[in-house]
Amino acid sequence: LQKSHPDWIVGEEADLRSLAAHYLIHEKSHNNLPLDPVARFHLGNGAIVEQIHADADSSENGKLQSFGCMVNYLYDLGQVTKNHEDFVSEGKVIASKEIEKLAKTFKL
Numbered sequence: 290l291q292k293s294h295p296d297w298i299v300g301e302e303a304d305l306r307s308l309a310a311h312y313l314i315h316e317k318s319h320n321n322l323p324l325d326p327v328a329r330f331h332l333g334n335g336a337i338v339e340q341i342h343a344d345a346d347s348s349e350n351g352k353l354q355s356f357g358c359m360v361n362y363l364y365d366l367g368q369v370t371k372n373h374e375d376f377v378s379e380g381k382v383i384a385s386k387e388i389e390k391l392a393k394t395f396k397l
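The opening residue of the sequence shown carries number 290 in my numbering; numbering runs sequentially from there.
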């Protein structure tokens, strides 16, 4: 997250979660896949972005990589195949309703 956008400054926990949600859902590479390699792995396997936790990794590396955020991915066995197919064919990122709402609140 921070490596992709080092100019983004974040203060409040809600702002940080909103930024992370936006980043995971909307920031894509030239091939329409999420920039984050962990997200690409889980989403490519059919998971959804379920929850984002601010200040979950307070290590120096955690702060450098993701401003300390960590993400929970949910594997719903009834949806994994469809989620995988949507991700591979369209680059569609499936997220929980809460994460979708957070992404919509993001402002630069």
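Ideal placement from N, C-alpha and C gives every residue a C-beta, glycine not left out.
For this session: Report buried or exposed for histidine 331, applying the criterion of at least 16 other Cβ atoms within 10 angstroms of its Cβ.
Result: buried
Problem set entry | Own chain residues within Cβ distance below 7 Å of leucine 444, not counting five before or after | This structure does not reach residue 444, given that the chain is present from 290 up to 397, and the question cannot be answered.
Exercise. Under a Cβ-count criterion, where at least 16 other Cβ atoms within 10 Å of its own Cβ denotes burial, should serine 378 be classed as buried or exposed?
Worked result: exposed
For this session: Using the Cα positions of glycine 380 and glutamine 368, report the straight-line distance between them to the nearest angstrom.
Result: 16 Å
Exercise. What residues are listed by DSSP as bridge partners for glutamine 340?
Worked result: Asn361
Exercise. Where does lysine 393 fall in DSSP's three states?
Worked result: helix
For this session: Assuming glycine 357 contacts serine 347 (C-beta within less than 8 Å), just tell me the rounded distance between them.
Result: 6 Å
For this session: Specify the secondary structure class of lysine 317 as computed by DSSP and reduced to three states.
Result: strand
Problem set entry | Close beta carbons around histidine 373, own chain, < 6 Å, minus the five adjacent residues each side | Gly335
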